[in-house]
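Residue numbering for the sequence shown follows this note's numbering, beginning at 51 and increasing consecutively.
All residues carry an ideal CB built from backbone N, CA and C; glycine is no exception.
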Amino acid sequence: MQTILVIEDEQSIADTVVHSIEREGHAAVWCGRGLDGLERVRAGDCALVVLDVGLPDISGFELCKAIRAFSQVPVIFLTARDDEIDKIVGLEIGADDYVTKPFSPRELAARIKTVLRRSASAAKEAPGKEALRKRLLIDPAKHQAALAGRKLELTRYEFKLLALLAAHPGRVYSREAIMDAVWGGDSPSLDRTVDAHVKSLRAKFREIDDSFDPILTHRGMGYALRDDL
Ligand code: CA
C-alpha cells in the first residue's frame with residue numbers, strides 16, 4: 051500500500067481527496083498546514099503529494115519548490131484559479147500535474163494513478179537516479195503547453211495538433227483525421243502539412259530536451275502520442 055500525502059487547508063476538500071485516495075486502495079495522510087506537510091515529506095515515506103496552491107502558512111508554489119530542493123516525489127496541484135494554472139504550466143515549479151477545483155473524485159483518482167504509474171516506470175528506467183521531469187503539460191483552455199516546466203512557444207496549429215494527439219495518448223491518428231480535426235475547413239489538403247507541423251513540434255521539444263520525442267510515427271498509418279509519458 052502506498053501512502054499519499056494531502057496538503058489542503060479546507061477540511062471538506064481534504065475529506066473528498068482522502069476518500070478518493072482510500073477508495074483506490076492507498077493510504078492517505080492529511081496535513082492542513084504547508085510546513086507540517088513539508089516535514090511529512092522529509093520523513094520520506096510518501097509516494098505522492100496532493101498539494102493545494104492556497105495554504106494559510108506558505109504558498110503551494112513555494113512549498114513545491116522547497117520539496118524539490120530535496121525530493122522528486124510526484125506532486126499534483128489542486129488549484130482554483132486560471133492564473134494559478136498559468137504559473138503551474140509556465141514556471142519551473144516542478145509539478146507533475148494539476149487538477150482544478152471543483153474536481154470530481156474520479157478525475158483526481160485517475161490523475162493520481164497516471165502519475166504514480168509514470169513515476170514507477172521512471173524509477174525502473176533510471177534506478178538510483180532522480181526521475182527526469184519530462185512531463186508535458188497541456189492546457190487546452192489557455193492554448194498553452196509546457197515541457198519540463200518550460201513554456202513551449204507553439205503556433206496555433208502546432209498547439210491544436212499536439213492537443214489532439216494528447217487527448218488520447220497511444221491512439222494512432224491518420225493524416226486525414228489530423229487534417230480534419232486541426233485544420234477543418236481551412237484544410238490545404240496536403241499530407242505534408244501534417245508532417246511539417248509534426249517536424250516543427252519535435253524541433254521545439256528538442257530545444258528544451260534533445261532526447262524528448264513523444265510523437266510516434268506509424269508508417270503508412272499516421273501519428274500518435276506516446277502513452278507512457
Ligand atoms: Ca486552500
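Give me the Cβ distance between residue i and residue j, rounded to the nearest whole Å; I'm assuming they're in contact under 8 Å.
i, j, result
"A198", "I117", "17 Å between Cβ atoms; not a contact."
"R90", "C81", "6 Å"
"I126", "L98", "7 Å"
"L128", "V149", "6 Å"
"C135", "D189", "Sequence inspection shows Ile at residue 135; the Cys mentioned does not correspond to that position. Yes, they are in contact, since the Cβ atoms of I135 and D189 sit about 6 Å apart, within 8 Å."
Going by alpha carbons, who is nearest to residue i out of the options?
i, options, result
"D278", "K201, R168, Q194", "R168"
"D121", "P106, C96, V56", "The sequence as given places Ser at residue 121; Asp does not occur at that position. Nearest of P106, C96, V56 to S121, Cα basis: C96."
"T267", "I228, L275, E74", "L275"
"E74", "R156, V244, R252", "R156"
"V103", "V232, V79, I63, I71", "I63"
On the criterion of 16 or more Cβ atoms from any shown chain inside 10 Å, does residue i qualify as buried, or is it exposed?
i, result
"T205", "exposed"
"V185", "The sequence given here places Arg at residue 185; Val does not occur at that position. Classification of R185: buried, given that the 10 Å Cβ count is 16 or more."
"G84", "buried"
"P106", "exposed"
"D146", "buried"
"S171", "exposed"
"A119", "exposed"
"A217", "exposed"
Can you determine whether any heavy atom of ligand 1 sits closer than 7 Å to the C-beta of residue i, and answer yes or no?
i, result
"D102", "yes"
"D59", "yes"
"L105", "yes"
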